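So the numbering used here is basically just the index in the sequence shown, starting at one, shifted up by 307.
In what follows, a single structure is set out as structure tokens and then discussed.
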Amino acid sequence: MGAVTDDDIIKRRLLIDGEGGNDDKRLNNLLKTFIRWYSSPDDEESQNTYHRMLSMLSQSEFTMEKSLQVHAMNLREQENYEKLTKEIENRIKEATTQIAECKQELQQAKRIRKNRQEYDALARVIQQHPDRQETTKQLQVLDKELSSLADTKEKLEEKLELRRKQFLVLITSIHELQRILEEDEKKEEEMETSKD
Numbered sequence: 308m309g310a311v312t313d314d315d316i317i318k319r320r321l322l323i324d325g326e327g328g329n330d331d332k333r334l335n336n337l338l339k340t341f342i343r344w345y346s347s348p349d350d351e352e353s354q355n356t357y358h359r360m361l362s363m364l365s366q367s368e369f370t371m372e373k374s375l376q377v378h379a380m381n382l383r384e385q386e387n388y389e390k391l392t393k394e395i396e397n398r399i400k401e402a403t404t405q406i407a408e409c410k411q412e413l414q415q416a417k418r419i420r421k422n423r424q425e426y427d428a429l430a431r432v433i434q435q436h437p438d439r440q441e442t443t444k445q446l447q448v449l450d451k452e453l454s455s456l457a458d459t460k461e462k463l464e465e466k467l468e469l470r471r472k473q474f475l476v477l478i479t480s481i482h483e484l485q486r487i488l489e490e491d492e493k494k495e496e497e498m499e500t501s502k503d
């Protein structure tokens, strides 16, 4: 074994004495004093020793009572610490549960926000295009315009056909007139030649 240091000695004494304040020494002194008192004759010195022993007994009882109170207080404190420890553990569990719930709520909120952003983007794209009702109205208007244009085209074609016929009649009349004029000219020439 190695050399014993002063610190080791102090530690051992503290472990033996505890918080009693040298109770062992005091009890040894009381025992020695009692033996002396018991052996000594009954005189004034003996009375002083008796009172001193009573005082020492009082001090020892007081110290013992104090130690008991400290021990009881330590037990109560230990119980309080155990309760506090359990309460802290319960609160830690509750906090952990709340943190887990908050994480789930946060994930859900992120999903909702992402969905809303996608919805807003789709809504903007959709708003750029007319809705079905508006498209149907536009198609109806275009159908009416197309029908009207078809009617107009048909009328114009009829008119054109009429004009073509009229033009043909006119050309035929012009040709006929020209033929008549030519015949008249020929007749006149023939008449003039016959006179000569």
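Just so it is clear, CB atoms sit at the ideal spot from N, CA and C, and this is done for glycine as well.
The structure displayed is predicted, hence computed values, not measured ones.
Under 8 Å by Cβ, that's how I've got residue i and residue j pegged, so tell me the actual separation to the nearest angstrom.
| i | j | result |
| --- | --- | --- |
| L337 | M363 | 5 Å |
| Q366 | R343 | Contact flag wrong, Cβ pair sits at about 18 Å. |
| T356 | S347 | 7 Å |
Taking the straight line between their C-alpha atoms, what separation do you get for residue i and residue j?
| i | j | result |
| --- | --- | --- |
| T479 | D458 | 31 Å |
| T500 | K493 | 10 Å |
| V377 | D350 | 40 Å |
| T340 | L375 | 26 Å |
| S454 | L475 | 31 Å |
| K373 | Y388 | 22 Å |
| L484 | E497 | 20 Å |
| K421 | Q434 | 20 Å |
| A402 | R423 | 30 Å |
| R398 | M360 | 55 Å |
| G327 | M380 | Per-residue confidence for G327 stands at a pLDDT of 48, beneath the threshold of 50, marking its modelled position as unreliable; the derived number appears in the next sentence. So the two alpha carbons sit approximately 16 Å from each other. |
| Q445 | K417 | 41 Å |
| V448 | R470 | 32 Å |
| beta strand (DSSP E) runs wholly inside the stretch 390 to 415, at least 3 long, in chain order | List check, beta strand (DSSP E) in window: nothing returned.
| query | Can you give, in chain order, each stretch of the alpha helix (DSSP H) that sits fully within the stretch 433 to 498 and has at least 4 residues? | reply | Taking only runs of at least 4 residues, no alpha helix (DSSP H) segment lies wholly in the stretch 433 to 498.
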